[in-house]
Amino acid sequence: MRIDILTIFPDLFRGPFSESIIKRALEKKLVDIRLHDIRSYATDKHKRVDDYPYGGGAGMVMMIEPIERCLEHLFAERTYDEVIFMTPDGQLLDQPLANQLSVTKNLILLCGHYKGVDERIRQHLVTFEISIGDYVLSGGELPAAVLTDALVRLIPGVLGDETSALSDSFQDRMLSPPVYTRPADYKGWKVPGVLLSGHDRKVAEWRHEEALRRTLERRPGLLEEE
Ligand code: ADE
Numbered sequence: 459m460r461i462d463i464l465t466i467f468p469d470l471f472r473g474p475f476s477e478s479i480i481k482r483a484l485e486k487k488l489v490d491i492r493l494h495d496i497r498s499y500a501t502d503k504h505k506r507v508d509d510y511p512y513g514g515g516a517g518m519v520m521m522i523e524p525i526e527r528c529l530e531h532l533f534a535e536r537t538y539d540e541v542i543f544m545t546p547d548g549q550l551l552d553q554p555l556a557n558q559l560s561v562t563k564n565l566i567l568l569c570g571h572y573k574g575v576d577e578r579i580r581q582h583l584v585t586f587e588i589s590i591g592d593y594v595l596s597g598g599e600l601p602a603a604v605l606t607d608a609l610v611r612l613i614p615g616v617l618g619d620e621t622s623a624l625s626d627s628f629q630d631r632m633l634s635p636p637v638y639t640r641p642a643d644y645k646g647w648k649v650p651g652v653l654l655s656g657h658d659r660k661v662a663e664w665r666h667e668e669a670l671r672r673t674l675e676r677r678p679g680l681l682e683e684e
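Just so you know, we're using our numbering here: the sequence shown kicks off at 459 and counts up by one.
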């Protein structure tokens, strides 16, 4: 899978992409992530990427031209499954959407800033819009990093244990059961006995019950959705 990210702050991604699962996936070449600085596609001498909004008002609006030039450069080399704009008014990211996007080959993530991007970019160049939650962040970079993480961990071979993404919370519309590790008794805080029993079927039943209980307590709506 290849993910091209268009941003005016490429450095914001370097931390999240240079640790842990994403770092390993990049090293194993299971994903190819390219950062593109929109500013380097600006044509004027000030490398301008934003301008005042028509009609007045506060905030700046990202201009069409640098973004279109960057996209044209990418389109000349390959076809993309989606050009995704990260925006609080997009479709809410959830596990089914992450699953669906994780099987695509080439994705572009466009990160907006300031007051937004010129609406014509959304009308003519963007094919899909995603929000990571009902709150407003300062830009699309952190949302794009969140989306990238959600997708990369689903690529076969990225997680050590192939089954572990399948047992994630939400994969079967259920939250995950609690987990424990050594010691079995920490100052009187005990691990549930069934987990020490060595009885696989009983452990599986206990985990299922705990997952169900937790889901009913915390997110009953998950069980009702289709
Ligand atoms: N840009 C700013 N806030 C956002 C959000 N919640 N989701 C996606 N992109 C955003």
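Each residue gets a CB set at the ideal place from its N, CA and C atoms; glycine is no exception.
All figures in this text were calculated on a predicted structure; none of them were measured in a lab.
Under 8 angstroms between C-beta atoms of residue i and residue j
{"i": "Glu523", "j": "Thr537", "result": "no"}
{"i": "Ser596", "j": "Gly548", "result": "no"}
{"i": "Leu470", "j": "His494", "result": "no"}
{"i": "Ile491", "j": "Val616", "result": "no"}
{"i": "Glu540", "j": "Thr606", "result": "no"}
Rounded Cβ spacing between residue i and residue j (contact assumed at less than 8 angstroms)
{"i": "Met520", "j": "Val575", "result": "4 angstroms"}
{"i": "Leu488", "j": "Ile613", "result": "5 angstroms"}
{"i": "Ile466", "j": "Val507", "result": "6 angstroms"}
Three-state secondary structure (DSSP) of residue i
{"i": "Asp658", "result": "helix"}
{"i": "Asp539", "result": "coil"}
{"i": "Val616", "result": "coil"}
{"i": "Leu551", "result": "coil"}
{"i": "His494", "result": "strand"}
{"i": "Thr673", "result": "helix"}
{"i": "Ile579", "result": "helix"}
{"i": "Leu465", "result": "According to the sequence as given, residue 465 is Thr; it is not Leu. Residue state, collapsed to three classes: strand."}
{"i": "Arg611", "result": "coil"}
{"i": "Arg631", "result": "coil"}
is_contact[residue i, chain B] using C-beta, thresh 8 angstroms
{"i": "Glu682", "result": "Checking the listed chains, one finds no chain B in this structure; it contains a single protein chain."}
Per DSSP, cross-strand counterpart(s) of residue i
{"i": "Glu544", "result": "Note that residue 544 corresponds to Met in the displayed sequence, not to Glu. Per DSSP, Cys569 and Ile588."}
{"i": "Lys648", "result": "Asp643"}
{"i": "Val519", "result": "Asp509 and Gly574"}
{"i": "Asn564", "result": "Arg460"}
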